[in-house]
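Protein chains in written order, with the working numbering: chain A, 21 to 219; chain B, 3 to 248; chain C, 170 to 571; chain D, 249 to 624. First comes the structure, then the notes that go with it.
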Amino acid sequence: MKKALILDYKIGNITSVGTFLRENGYSVTLGCETTEIKNAELLVLPGVGSFKMAADNLQDKKIIHELKSRHLNNKATLGICLGFQILTKTSSESPDSNGLGIFNGTTTRLKEFSRIGWGKLIFNQKINSLKDHYFYFNHSYGSYDIIDTSMRACSGQSDYNALVASGSTIGVQFHPERSQKSGNKFLKWLESEVWGLND
Amino acid sequence: MIKRIAATLILDSNQIINAYNFEVHLPVGKLKYTLERLQEFEVDEINILNTSHSNSVVNDLDKLLEDINNWHVSTPLAYGGGISTLTDAVYVIKSGVERVIISANTFFDFDLFSDICRTLGDQAIILHLPIEFKGGSPSIRGYSNKLLSDVNALIPINWGGEIMLTIVESDGKKFPNWQNIGDALGIMAGHSNFILAGGFADFKDISAGLSLDQVSAISIGNYLHRVEHSIIEIKQKIKSSIQIRR
Amino acid sequence: MTMNQRIEQCVRCLYKTNHPFGLTLDKNGVCSGCLVHEEKDLLDWKMRLGMLKNLTDSYKLKQSKNYDCIVPVSGGQDSFFIVHTVIHELGLNPLLVNFNRNFNSAVGIKNLSQLRTIFPADFRQFTINPIISRKVIRTTLANLGTINWLWIAGQTSLPVRIADELKIPLIIWGAHQGIEQVGMYSHTDEVEMTSRYRKEHDLMGIDEKEIFKFDPDFNPNDISSLTYPSDDQIIKNGTRGIYLSNYLRWDPVQQHTFVKDKYGYIGRKTNRTYYDFDNPDCPVYNGLQDYLKFMRLGYAKVTDQLVRDIRHKRIDKESAKRIESEYLNKAPDSLKGFADWLGISVKNFGPLMLSLDSNFLEQLLSGDWRSEINELDKPNLNHIDSVYKFIDSDFKNFGKGI
Amino acid sequence: MKYCLNCLQPDTRPSTEFLDGICPACNFVNNSQVWDLQVRTETLKKIVKEFTNKVNGPYDSILGISGGKDSTRLAIWARDFLGLNPLLVSVTYPPQQLTKQGADNLNNLTEMGFDVYTTSPSPIIWKKLMKKSFLENGNWAKSTELALFAGVPQIAIEMGIELILWGENPALQLGASETIGKTGWDGNQLRNMNTLSGMSTEWLTSIGFSEEYFIPYFYPSREEFEDNKIQIVFLGWAMRTWGLLENGVVASLNGLSSRNASAFESSDLIGLTSVDEDWVILNQMIKYYKYGFGRATDYVNEWIRKGKITRDEGVELVVKFDGVCSDKYILTFCEFISITKNKFWEIIYSHTNKDLFKIEQGTRPVRKFEVGVDFE
């Protein structure tokens, strides 16, 4: 049974992310202890709440250091929606808070104000196992300027980053835990193609 | 963005009901069983309207969340019913529901409405406007003095949320009243991202609705419970030119 | 109505808001069942029969070399009226389908044999392995307080499977219980068969895929005959179930006199019920099953019959209330026969009844909760089937009589 | 009419060719040895394995049953010896035709722990066909036999179950050579049984119902068999003890009820054959008047071949019981298809073999030949 840790930044309900992970074969805990962050086979940054709340709860130097070392050691990490934005350097949603800066880019207000609904992923490389799957988006902020990463994808006609992969750290602007069967397929794909995690 | 086929589930005393012009409520069953099937039919999202809300949104929601959470709902949800304070709205989002449905009377308290938008972000809000056509121009149900044209002026132009337009007179019927829909959308020409509801059952009407530029989703009510695989059938029969998740 | 349900009774009939199907009251306190029932005297039923005929004629055309439709039947009264309507009113060639209850009353065997003989229609019957059915019934008795779960699971899935196997898309059912009892839909909604309704209302929320929760050492193959076809199969075959009660003015009392005189249908008097024509084919439906229903829900089959009569204006609410209170506490008959079939003695039902007893505490405090069960083991309570024994000789149908 | 030298089978049975005086059944029994049985059992197990490996549903096979001695025996053997999980399928008679023992025996078999799926053609149409085939060729069962044989393969095709289990190869027991398949166990030639061939649609629809009312009477075509990879397998061929008496003994020990009538009324010597229906008795009587041998001869021939009785002892039994049929069966039959007794006998006389029987109005035909002695 693979172990997953949902990073606790004391904001929204993580039940749906928890259920999503459990259904896909993980035992799930919620926490932010450095040892937990170190040992988790998969770390998930959930996507509920505002950038300011998340940033304020991630000031502890040791936690930031542990998160960055996970990135350097290529340990599987998934940032969902807000969880993806907190991995960037800053967000115009609350200019005086700063994110983890693991992704070399910023988060800004979307050109089309908000994006609600289902969209496909258009990758910058040939990934056909996800080609006819749709994923659920619900956000009004996103990042346009992360370019120096191995894999990227945008969705539909818009050009903000729907998905960014830097080593084993993945940021997704959509909600896999709210994308029904496609969400499960996406997690399986990450496990086998990106993280090499499947047992 | 592609268009969406949504489901409206109307609750009365903790059970789903069939609603007929916002008055007659007939019992259908518990939320859990319908949620389970709608998810298997891959409905795009589910809008839950609680008509018998108590004065405490927190108690109402806790009862429903048992059904929703312990039964692996992985479908985008929206919840509305008695949300009249910022804490109510925040609680709805914090409990894992994607969007909160704000009723007209909460919207008329404009400071509260902008607080909610600022705190949660426009994309987490659906403004529910039930429209009545009592002779002359359309008004908000229950507020004959609040004309749709006045309400339209209050909504900021680049507002990021969505507006659920329900034609009261078509509620529970087999066909929507296209005349009323045309008038309402005309008055609100400055906005788009509308969710149309009320009388949507036949796939031709649903195709027609989704073909309108201002419309991004159709939300189906009573018809869902009447016919097996209604969602799957609709998605198969809808004009292929319409971009939906198939 | 606030969220912490206060149980209220409809001002016109006997149903309360804790009805398992759900029940809403309008601002005058009239329940959804009574409201929808008013349609029976408002709708143009000649026109609705015409609508039904158009629908079934389209299937008759398509099914030229095959059966036109499937009609689920049993030894009960509705089957006679449904088959009469399907053959003589709609001019169809149906395949009759029955999931065989492993313990049939003599009257049930006679009625089903009569039905199969007088109508020109082929008949298919499925009998589940009795060793398995005893196991399922023990499980649902212990966990859901019901005997009938197995038969309903079979009778609501077998026709849908046969529809798929024989490529007969149309299934015609009689009454939609949800509408007839609590007015779930308007008749004009023409609601159709759905697996959601089957699981939630027919099977008390637990379908054949989840029954294992109660009894882990079930082998899935044992109850394969209860499986409902998959969505893909149903869509591919275009299977559809419609209800006659949406198109005909459904009145079981009137229908009973019709099928009794015209087709020789027989009812079965029992201790606990006011009319004798409801579900006579199952020896325990109006006996132990009804007693357990009363313990679980506080009302019983007699209530359903009286509500029907109130709405059809055959009785006023006060007299109905009086009759209901007379029958509710009557002891269930045919207990011995069912206990024999299950391979136990009547006293073995004691702990189950205790577990469902609303005054569980008083029973325990009395230190002698067994006395009530001994009351139920009286010979006179088991005379019912012996009265109908004469039937056995002239009609025999495969299916155990008890 | 010539008798088989070994048993009492006359050569009057349609499509039976004797080989230098010996009937096909005796020939088959003569050249099959006991060791051969071991080979047959292993062959059968191998064949069955092919089907059980690729099964996805709950049942790996279908067994056609009536609840009688053969099907009770087969159900137990298939489950306990071959380890199969068969669905039992029965084509049942109209309620008035089914006997009390018939219903009890179906219950008995179910109670042993089997799922049972019955298909029953409409009694109204069944009765009209019975009357028509009785009046036209003196054999009421010619039409209903179609449904009895067609029901099982129809359901096998509907449910996608390829393996059909059957009891005996008619060629072996009754000397019907037209159903000899590729090997002893292959039952796919059952379609050639003389009762199944030669029944046109026009013949059926002449009773006043359109073709769609006769679905149970159409035996699936050869193509349908091939498309659905249906394979009928005779189990009796590989069972160490298979026969009228052996099956009767085992089935009775497992709860089978017997016919409550003596052999003097039914010519059913041990009272265990076709217990679920009585008018087969008068059909056997008609067979006797047509071909000079009835049910008693079938019993006797099997016992002669198994050395249980001598040919002469067989003659004694045949003389006493062949063609026997109590009036009570004739009365209920006439009432069921609503004809008078005189009309019944008129039909019997018209089909009686005048060379073998003397006919006098008002009495039953009298045998001219001596049982066991060739007769011109």
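The C-beta atom is built at its ideal place from N, Cα and C for all residues, glycine as well. The structure displayed is predicted, hence computed values, not measured ones.
Is C/K185 helix, strand or coil by DSSP?
-> If you number the third sequence from 1, residue 185 of chain C lands on position 16. Strand at C/K185.
Contact set between D/I373 and chain C, taken where Cβ atoms lie within less than 9 Å = In the fourth sequence, residue 373 of chain D corresponds to position 125, counting from 1. Here the neighbours are P289 and D291.
Chain-order list of residues whose beta-carbon lies under 7 Å from that of B/I234 (same chain, five-residue window excluded) | Walking along the second sequence from the start, residue 234 of chain B turns up at place 232. Excluding the 5 residues flanking it on each side, B/I234 has same chain C-beta neighbours closer than 7 Å at F43, in chain order.
Does the Cβ of C/T171 have 16 or more other Cβ atoms within 10 Å, making it buried, or fewer, making it exposed?
-> Position 2 of the third sequence, counted from the first residue, corresponds to residue 171 of chain C. With a pLDDT of 38 at C/T171, under the threshold of 50, the modelled position of that residue is not reliable, and the figure given next carries that caveat. The residue in question, C/T171, is exposed, as its Cβ has fewer than 16 Cβ neighbours within 10 Å.
Run down chain A in chain order and give the residues with a C-beta less than 8 Å from the C-beta of B/D62.
-> In the second sequence, the residue the question calls residue 62 of chain B occupies position 60. The contacting residues do not exist; B/D62 stays about 16 Å from chain A at best.
Other residues of its chain near D/K379: CB distance less than 6 Å, five sequence neighbours each side excluded = Numbered from 1 along the fourth sequence, position 131 holds the residue referred to as residue 379 of chain D. Answer for D/K379: I585, listed in chain order.
Assign D/K375 to one of three DSSP states: helix, strand, or coil.
-> On the fourth sequence, residue 375 of chain D is found 127 positions in, with the first residue counted as 1. Here D/K375 carries a helix assignment [DSSP, helix/strand/coil].
Do A/F157 and A/G125 have their C-beta atoms closer together than 8 Å?
-> What you label residue 157 of chain A is simply residue 137 of the first sequence in a count that begins at 1. What you label residue 125 of chain A is simply residue 105 of the first sequence in a count that begins at 1. Contact: no.
When the Cα atoms are used, what is the spatial distance from D/A398 to D/Q479?
-> By 1-based counting over the fourth sequence, the position of residue 398 of chain D is 150. By 1-based counting over the fourth sequence, the position of residue 479 of chain D is 231. Between D/A398 and D/Q479, the C-alpha separation is close to 14 Å.
Straight-line Cα distance separating B/K176 from C/L218 = Taking the third sequence and counting its residues from 1, the one referred to as residue 218 of chain C is at position 49. Taking the second sequence and counting its residues from 1, the one referred to as residue 176 of chain B is at position 174. The straight-line gap from Cα to Cα measures roughly 20 Å.
Which residue comes first and which comes last in the alpha helix (DSSP H) that contains D/V528?
-> Taking the first residue of the fourth sequence as position 1, residue 528 of chain D is located at position 280. Residues V528 to Y539.
Taking buried to mean at least 16 other C-beta atoms within 10 Å of its own C-beta, is B/S151 buried or exposed?
-> The sequence position of residue 151 of chain B within the second sequence is 149, counting from 1. Answer is exposed; the Cβ neighbour count stays below 16.
Just the chain D side, please: which residues come within less than 8 Å of C/T161 by C-beta, in chain order?
-> Because residue 161 of chain C is not part of the residues shown, which for chain C are 170 to 571, the question remains open.
Please list, in chain order, all residues of the same chain as B/R248 whose beta carbon is under 7 Å from its beta carbon, the five residues on each side excluded.
-> Reading the second sequence from its first residue, position 246 is the one you call residue 248 of chain B. Answer for B/R248: K237, listed in chain order.
To the nearest angstrom, how far is it from the Cα of B/N147 to the Cα of C/P189?
-> As a first step, residue 147 of chain B must be located in the second sequence, where it is residue number 145. As a first step, residue 189 of chain C must be located in the third sequence, where it is residue number 20. Cα to Cα, the separation comes out at about 42 Å.
Where B/F112 falls, given that 16 or more other Cβ within 10 Å makes a residue buried | Residue numbering aside, residue 112 of chain B sits at position 110 when the second sequence is read from its first letter. By the neighbour-count rule (16 or more Cβ atoms within 10 Å), B/F112 is not buried but exposed.
Could you tell me whether the region 243-259 of chain C touches the region 322-331 of chain D, using the rule of 3 or more Cβ pairs below 8 Å?
-> The region 243-259 of chain C vs the region 322-331 of chain D: no contact.
Whole-Å CB distance - C/Q246 paired with C/V422, under 8 Å assumed | As a working mapping, residue 246 of chain C is identified with position 77 in the third sequence. As a working mapping, residue 422 of chain C is identified with position 253 in the third sequence. With 8 Å as the limit, C/Q246 and C/V422 do not qualify as a contact, their Cβ atoms being about 10 Å apart.
What residues of chain B sit near C/L204, judged by a beta carbon separation below 9 Å?
-> Here residue 204 of chain C corresponds to residue number 35 of the third sequence, with the count starting at 1. Under the 9 Å cutoff, chain B gives V26 and L28.
Anyone know if the C-beta pair for D/I409 and D/V400 falls short of 8 Å?
-> Walking along the fourth sequence from the start, residue 409 of chain D turns up at place 161. Walking along the fourth sequence from the start, residue 400 of chain D turns up at place 152. Not a contact, by the Cβ cut-off of 8 Å.
Step through the CB atoms of chain B and report whether any lies within less than 8 Å of the CB of C/R181.
-> Your numbering for residue 181 of chain C matches position 12 in the third sequence. Against chain B, the CB of C/R181 has no partner CB under 8 Å away; the residue lies outside that interface.
Taking all protein chains shown into account, do 16 or more other C-beta atoms lie within 10 angstroms of the C-beta of A/H85, making it buried, or fewer, making it exposed?
-> Here residue 85 of chain A refers to the residue found at position 65 of the first sequence. It is exposed - the Cβ of A/H85 has fewer than 16 other Cβ atoms within 10 Å.
So is B/D90 in contact with chain C if we call contact Cβ pairs under 8 Å?
-> Along the second sequence, read from residue 1 onward, the residue named residue 90 of chain B stands at position 88. So no, B/D90 is outside the interface.
Spatially closest choice to D/S458 from C/D526, C/L183, C/S233 and C/T308, by CA coordinates | Sequence index remark: in the fourth sequence, residue 458 of chain D carries index 210 (1-based). Checking every option, the nearest Cα to that of D/S458 belongs to C/S233.
For B/S218 versus B/F196, is the C-beta distance shorter than 8 Å?
-> Position 216 of the second sequence, counted from the start, is the residue given in the question as residue 218 of chain B. Position 194 of the second sequence, counted from the start, is the residue given in the question as residue 196 of chain B. Against a cut-off of 8 Å, the Cβ pair of B/F196 and B/S218 comes out as a contact.
Measure from the C-beta of B/S76 to each C-beta in chain F and report whether the shortest distance is under 8 Å.
-> Although the question refers to chain F, the structure presented lacks it and instead comprises the protein chains A, B, C and D.
How do the region 269-276 of chain C and the region 221-241 of chain C stand: do at least 3 beta-carbon pairs fall below 8 Å, yes or no?
-> Flag = no, the region 269-276 of chain C and the region 221-241 of chain C do not touch.
State the Cα-Cα distance for the pair C/Y416 and C/S201, rounded to the nearest angstrom.
-> Within the third sequence, numbered from 1, the residue matching residue 416 of chain C stands at position 247. Within the third sequence, numbered from 1, the residue matching residue 201 of chain C stands at position 32. Rounded to whole angstroms, C/Y416 to C/S201 spans 19 Å at the Cα level.
Going by C-alpha distance, which of D/D603, D/D546 and D/G386 is nearest D/W593?
-> Taking the fourth sequence and counting its residues from 1, the one referred to as residue 593 of chain D is at position 345. Ranking the options by Cα distance to D/W593, first place goes to D/G386.
Between the C-alpha atoms of D/T289 and D/A499, what's the straight-line distance to the nearest angstrom?
-> Here residue 289 of chain D is taken as the residue at index 41 of the fourth sequence, counted from 1. Here residue 499 of chain D is taken as the residue at index 251 of the fourth sequence, counted from 1. Straight-line Cα distance between these residues: approximately 21 Å.
Along the alpha helix (DSSP H) that carries D/S522, what are the first and last residues, could you check?
-> Your numbering for residue 522 of chain D matches position 274 in the fourth sequence. Careful: D/S522 lies outside any alpha helix (DSSP H) and carries neither H nor E.
Reduced DSSP secondary structure (H/G/I, E/B, other) of B/E47 | Position 45 of the second sequence, counted from the first residue, corresponds to residue 47 of chain B. Per DSSP, reduced to three states, the secondary structure at B/E47 is strand.
In its own chain, which residues sit with a C-beta less than 8 Å from the C-beta of D/L256, not counting the 5 before and 5 after it?
-> In the fourth sequence, counting from the first residue as 1, residue 256 of chain D sits at position 8. F541, T545, V548, N549, I552, R559, G562, V563, V566, V619 and G620, listed in sequence order.
Cβ of C/L395 less than 8 Å from any chain D Cβ?
-> Here the question's residue 395 of chain C lines up with position 226 in the third sequence. Interface residue (Cβ-Cβ distance to chain D less than 8 Å): C/L395 is not classified as such.
So what does DSSP say about B/S221, is it helix, strand or coil?
-> In the second sequence, counting from the first residue as 1, residue 221 of chain B sits at position 219. Three-state DSSP puts B/S221 in a strand.
Please state if the CB of B/P78 and the CB of B/E38 are separated by a distance shorter than 8 Å.
-> Along the second sequence, one-based indexing puts residue 38 of chain B at 36. Along the second sequence, one-based indexing puts residue 78 of chain B at 76. No.
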